[in-house]
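Quick notes on the structure that follows.
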Amino acid sequence: MKSQLAGAAVLWLAASVALAQSVVQPTGIAPRFPTAYKELAQQAQPPSNNWLLDANDDTERFRRLQLVAGGTDIPMWEIAQRYEELYVAIQNNNWEMGVYHWEKVRDRMNTAGMKRPARTQNIERLFLDNGVWTSMHDALTSRDADRMRKQFLAVRQACMACHVAERVAFLNDSSVFARTAAFPR
Ligand code: HEC
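Just so you know, numbering that gives the first Met the number 0 puts the end of the sequence shown at 184, numbered straight through with nothing missing.
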């Protein structure tokens, strides 16, 4: 009896710690679909957090996934983040971290082309197949700090040239390009 009580006390303590740790409280506001997405009104199930499982069929599930996966913008977010980590890697002479991010940048460029095939030509012509990608990879594996730095700045130019070619030159004002414009001496 005593140990059961102790057990219950431990459980109660664990539950209240878990509760205390959650900062997200339920609001009680009724769920509904965004008015911008009229198609969702066709769902037989009421709106819930099971936004995929509660869809009427797999076609609708894939349509929702495709919508959420975005086009070029979400991959570019990831590419820009990894590009900046490459910049950090080069400053630290951490060529392995640089290669790690650089290979994922290539993969993400290719999935971006899969999602937006009208961008594939520029992805390959201005970045993946014209020597820019390979020269950066070679510079990293050479472990030559000066070569890495020089090549990184050529990569930066290639990113920006593609934005011009894709008619989004205004994006060259993105803060990531200002942060990576030069290497501290
Ligand atoms: C196909 C050529 C192409 C290349 C190469 C390219 N970009 Fe982009 N980038 C785009 C396009 C197109 C967009 C706009 C996407 C859209 O309209 O949804 C974009 C968007 C961006 C954005 C804004 C993302 C957002 O919505 O927040 C950033 C930042 C960016 N690119 C950084 C880079 C960096 C860094 C590189 C080089 C490592 C690079 N890009 C290489 C075409 C390219």
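Using N, Cα and C, we set each Cβ at its ideal position, and we do this for glycine too.
In this text the structure is predicted, and so the values were computed from the model without any measurement.
Secondary structure of T119 (DSSP, three-state): helix. In this structure, the straight-line span from the alpha carbon of T140 to that of R31 is close to 53 Å. The DSSP-derived three-state label of L52 is coil.
A straight line joining the alpha-carbon of D145 with that of A117 spans about 36 Å. Comparing alpha carbon positions, the residue from Q120, T119, L152 closest to V131 is L152. Taking a C-beta distance under 9 Å as the contact criterion, D56 and Q44 do not qualify as a contact pair. Taking all protein chains in view, the Cβ of L127 is crowded by 16 or more other Cβ atoms within 10 Å, so the residue is classified as buried. In the same chain as S173, and ignoring 5 residues on each side of it, no C-beta atom comes closer than 6 Å to its own. Under the three-state reduction of DSSP output, T110 falls in the helix class. Burial check for P74: the Cβ neighbour count within 10 Å reaches 16 or more, so the residue is buried.
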